[in-house]
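Structure, as structure tokens:
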Amino acid sequence: MNIAVVGGGAVGVTLAYELADDATVTLYEVDTIASGASGRAAGLCYTAFSDRRDARLATRALDRFREIGALTDCPYVWLARDTGHERDRRRATEIREQAAQMRAHSLDVTTLDGDQLGDRFPALVTDDVVVAAVAESAGYVDPSRYTRLMADRARERGVEIREQTPATLTAAGDVQTTDGRTRYDAVIVAAGAHTRAIVSAVAPIPVKPYRVQALVTEPVDRELPMLFDVTDGYYLRPREGGLLVGDGTIPDEQDPDDWDRDADEWFRAAASEYQKQALGTSWPDRRSWAGLCTATPDGDPLVGELASDIYVATGWQGHGFMRAPAIAERLAAQVLGESWSAFDPTRFDGDESFEIVEGMDVE
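One point on numbering: in numbering that gives the first Met the number 0, the residue at position 262 of the sequence shown is 261, and numbering is uninterrupted.
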């Protein structure tokens, strides 16, 4: 069986690795491995999903990250602050309900008030925290390192990786490159924001790229958990001795071939102010960047068979990297004949109109 994978990000290289024992696999990457969304990902990984299906995938992904020594264990906290606004009261209620659902799924999740959170994590400013939840099964991964590692492992299994090789699909499902057209028994497109354009001759898919931003600070002098502030929309985690601080979401559709890869000055200033609010101080940023996430009409990804022997994996809403090992494992099994339809891409017609909603919001 000859299989093509288009896209050299975390999902693509893991797919190639999973398939290589049962098929001859060729992977096409327009640039270099981890040069796209995976290389710009935050690397937060957790099982804190209230949906049982998502929780199972996240748990499997964490297990896979641990198996190869890629995961640094670190608790994941998400919290709501008292602003007096009805929306934030709803968010606090959502956190309590989510945590209860997660415990019903046997996940190790604790609900705390502000004082309890401060006792557990003294480095956090918690005087205005109404409620927080803490997921113990969580950690972070270096996205670029993981993606390159899995590419190397795929090569060891015989996968041919063709970097600097743009590829699209013809209406017949052949892979088209500058070297010509090639027919495969199956083709999987996991090319992030470019997936829609690559498969457009085969079938439309409702995916919109949107821009997000992050920075890494100079080294910090305290121990911190991973944190998502549902009130202010920021998340942070330890990285390279400093802190990765992310948000800067622009909920407008972007052209995946023409967008600003540098973080905006307003975001860098706002991220510094957020550090003061959440941590009592801030640190100079060492570097910053922007990346593209992909949104779908219902917030769930598009993973599976789009047309006969043509598969897609995209629309992650910012949660693609953290689930990459598990999604790749399940999709590879589907390509090889197993039944799986959790995120069936054909549930949409492909021309749906929808607004972009960022993936980390609890509402």
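Beta carbons are placed, not taken as given, at the ideal position from N, Cα and C, and that holds for glycine.
Residue nearest to aspartate 259 within the set Pro208, Arg80 and Arg221 is Pro208 (criterion: CA-CA distance). Within the region 273–353, the runs of alpha helix (DSSP H) at least 4 residues long that lie entirely inside it are, in chain order, 319–334.
Here arginine 95 has Thr110 and Val130 as same chain residues with Cβ atoms under 7 Å from its own Cβ, once five neighbours each way along the sequence are excluded.
Sequence-distant partners of isoleucine 2 (beyond 5 residues in either direction) whose C-beta falls short of 8 Å from its own C-beta, in its chain, are Leu18, Ala22, Thr23, Val24, Thr25, Tyr183, Asp184, Ala185, Val186, Ile187 and Val334. For leucine 116, the CB contacts under 6 Å within the same chain, skipping 5 residues up- and downstream, are Thr125, Val128 and Ala131 in chain order. In terms of Cβ geometry, alanine 270 and tyrosine 234 do not form a close pair [threshold 8 Å]. By a beta-carbon distance limit of 8 Å, alanine 41 contacts alanine 213. Their separation comes to about 6 Å. For the pair valine 206 and leucine 301, the CB atoms are nearer than the 8 Å cut-off. Minimum Cα-Cα distance from aspartate 246 among the listed residues Ala9, Ile309 and Arg39 corresponds to Arg39.
Close CB contacts of tyrosine 27 within its chain, under the 6 Å cut and outside five residues either way in sequence, are with Val5, Arg161, Thr164 and Ala166 (chain order). Arginine 267 and serine 287 have their C-alpha atoms spaced approximately 8 Å apart.
When secondary structure is reduced to three states using DSSP, alanine 33 falls in the coil class, being assigned neither helix nor strand. Going by beta carbons, glutamate 222 and alanine 137 fall outside the 8 Å limit. Runs of beta strand (DSSP E) with 3 or more residues, each lying fully within the region 64–140, are found at 75–80, 108–111, 128–134 and 137–139, listed in chain order. Annotation for valine 140: Gly42, Cys44, Phe64, Ala69 and Leu70 place their beta carbon closer than 6 Å to its own, counting only its chain and skipping 5 residues before and after. Going by C-alpha positions, glycine 157 is about 18 Å away from alanine 327. Between tyrosine 273 and aspartate 231, the gap from beta carbon to beta carbon is short of 8 Å. Three or more Cβ pairs closer than 8 Å define a contact, and the region 85–101 falls short of that threshold against the region 236–254. The count of Cβ pairs closer than 8 Å, one atom from the region 43–60 and one from the region 74–87, reaches three, so the stretches are in contact.
Between the region 337–351 and the region 298–318, the count of Cβ pairs shorter than 8 Å is three or higher; the stretches touch. Around the beta-carbon of methionine 101, 16 or more other beta-carbon atoms lie within 10 Å, marking it buried. When secondary structure is reduced to three states using DSSP, arginine 52 falls in the helix class.
Taken atom to atom, the span from the alpha-carbon of alanine 202 to that of serine 352 is near 16 Å. Cβ contact annotation for valine 311 (same chain, cutoff 8 Å, sequence separation greater than five): Ile187, Val188, Ala189, Thr194, Val198, Ile204, Leu301, Val302, Gly303, Leu305 and Pro344, in chain order. Straight across, the Cα-Cα distance linking alanine 200 with alanine 277 is about 48 Å.
The straight-line gap separating the alpha-carbon atoms of phenylalanine 227 and glutamate 337 is approximately 36 Å.
Distance from glycine 298 to glycine 358 at the Cβ level is roughly 7 Å; contact confirmed, criterion being Cβ atoms closer than 8 Å.
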